[in-house]
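Okay, structure first, notes after.
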Amino acid sequence: MKRKLLISIALLSVVLLACGGGGDDVIADQQQPETPPEPQSPWELVWEDDFTAPTVDGQVWSRITEGTPDWKKYQSTDDRCYEKRESSIVFKGIVNDDKDADPRDYLCGGLYTAGKKAFGPGRIEVRARMTQARGAWPAIWMMPFTADKGWPHDGEIDIMEHLNFDRSVYQTLHSGYIDVDNHKSDPLYSRQFPVAKVDEYHVYGVDVTADKIVFHIDGVETLVYPRMEIDGQYPFFREWDLRIDMQLGGSWVGRIDPAQLPVEMEVDWVRYYRARE
């Protein structure tokens, strides 16, 4: 029996070799599965400012001047409130040590695109970091490029506001529906979102589309505000100017501690995207 079994195995081996029964050729002929392509972003970058030029682009930006609202009380065009670093722009809040040039106790700096560059519906992102102080109120926000009915009916989009030493930032909308008619929870118009280390760079952003506002931080969605079929509820589908500034004092942020100044917000870049067609 053993001899017959050995003869059978030998004959089977010869048949397999003659028929190409080895597995190598079959494996070689198999096509390896292709890596699926990365999904395409729905957004297309159409404009950016990375602040690498020696000076800020005056065709886009203007320094913010003094005004009566809380946020403008200490705004100044004074060079002491601005610093151009190698690849960033810095806005400072300082104790004013030159009362002959300006009688105010404090000064702070900021830029906006009002009257120069409009941002239509799309995505805005700003990469920024900030130091902290009592009474400091750095902000990244947008106002209508062209006024229609006045504030708050024309809308306001606050991409980022930080107060004092908070370990969080605010992202907020304003409109007549929200601020006059007092609809602040249907839908939710603002959120305080935790950011443990605001002194490190983060990307603060917002998407403005025909049917919703989406806030995000470092690419993580933080708040969605949908459009509803209610008159005046959604004035946000329009063109905006962008404002980035250090603010000091006011009824919301509270008193200023001069011993903790200067304070600053450093901006690495600004990017504007449109929806990809």
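What the sequence shown shows, in our numbering, is residues 2 to 278, in sequence order. C-beta atoms are modelled at their ideal positions from N, C-alpha and C, and glycine is treated no differently. Every value quoted in this text rests on a predicted model; they were computed, and no experiment measured them.
Cβ-Cβ distance between residue i and residue j below 8 Å
i, j, result
"Val-61", "Thr-114", "yes"
"Asp-58", "Ser-88", "no"
"Gln-1", "Gly-116", "In the structure displayed, the chain extends from 2 to 278; residue 1 sits before or after that span and is not available."
"Met-144", "Val-199", "no"
"Phe-120", "Glu-240", "yes"
"His-217", "Gly-206", "yes"
"Arg-124", "Trp-72", "no"
"Val-96", "Pro-195", "no"
"Pro-263", "Gly-151", "no"
"Tyr-226", "Tyr-190", "yes"
"Asn-183", "Gln-133", "no"
"Ala-140", "Leu-249", "no"
"Glu-230", "Val-91", "no"
"Pro-70", "Ala-211", "no"
"Ile-214", "Leu-174", "yes"
Backbone secondary structure at residue i - three-state DSSP
i, result
"Gly-123", "strand"
"Ile-141", "strand"
"Asp-180", "helix"
"Gln-234", "coil"
"Leu-12", "Residue confidence is low: Leu-12 scores 41 on pLDDT, short of 50, so the model does not pin down where it sits. Its coordinate-derived value is still stated next. Three-state result, Leu-12: helix."
"Pro-259", "helix"
"Asp-246", "strand"
"Asp-187", "coil"
"Leu-17", "Reliability fails at Leu-17, whose pLDDT of 40 lies under 50, so the model's placement of it is uncertain and the value that follows must be treated cautiously. In this structure, Leu-17 counts as helix in the three-state DSSP scheme."
Range covered by the beta strand (DSSP E) that runs through residue i
i, result
"Asp-269", "264-276"
"Lys-85", "83-86"
"Asp-101", "Here Asp-101 belongs to no beta strand (DSSP E), and DSSP marks it neither H nor E."
"Glu-49", "44-50"
"Asp-1", "For residue 1 there is no data in the structure shown, the boundaries of the chain being 2 and 278."
Bridge-paired residues (DSSP) for residue i
i, result
"Cys-109", "Gln-76 and Gly-94"
"Met-161", "Ile-141"
"Tyr-226", "Ile-214"
"Trp-195", "It is worth fixing the name first, because residue 195 is Pro in this sequence and not Trp. DSSP output for Pro-195 lists Ser-169 as bridge partner(s)."
"Ser-252", "Paired residues: none, contrary to the question."
"Trp-241", "Phe-120 and Pro-145"
"Val-221", "Ile-218"
Beta carbon proximity, residue i to chain B, threshold 8 Å
i, result
"Gly-255", "The displayed structure is made up of one protein chain only, and chain B is not part of it."
Sequence-distant residues of the same chain with beta carbon closer than 6 Å to residue i, five excluded per side
i, result
"Ser-176", "Pro-153, Gly-156 and Pro-236"
"Arg-128", "Tyr-202, Val-204, Asp-269 and Trp-270"
"Ile-65", "Gln-76, Gly-111, Tyr-113 and Asp-246"
Close beta carbons around residue i, own chain, < 8 Å, minus the five adjacent residues each side
i, result
"Thr-56", "Lys-85"
"Glu-49", "Trp-270, Val-271, Arg-272 and Tyr-273"
"Asp-25", "The pLDDT assigned to Asp-25 is 48, lower than 50, so where the model puts this residue is not dependable; a value taken from the coordinates is nonetheless given after this. So no residue of the chain qualifies."
"Asp-103", "Ser-77, Asp-79 and Asn-97"
"Asp-187", "none"
Contact set for residue i: own chain, Cβ-Cβ below 7 Å, skip 5 residues either direction
i, result
"Thr-223", "Gln-172, Arg-192, Phe-194, Phe-216 and His-217"
"Asp-180", "Pro-153"
"Arg-105", "Tyr-75 and Asn-97"
"Met-161", "Ala-140, Ile-141, Val-170, Gln-172 and Tyr-205"
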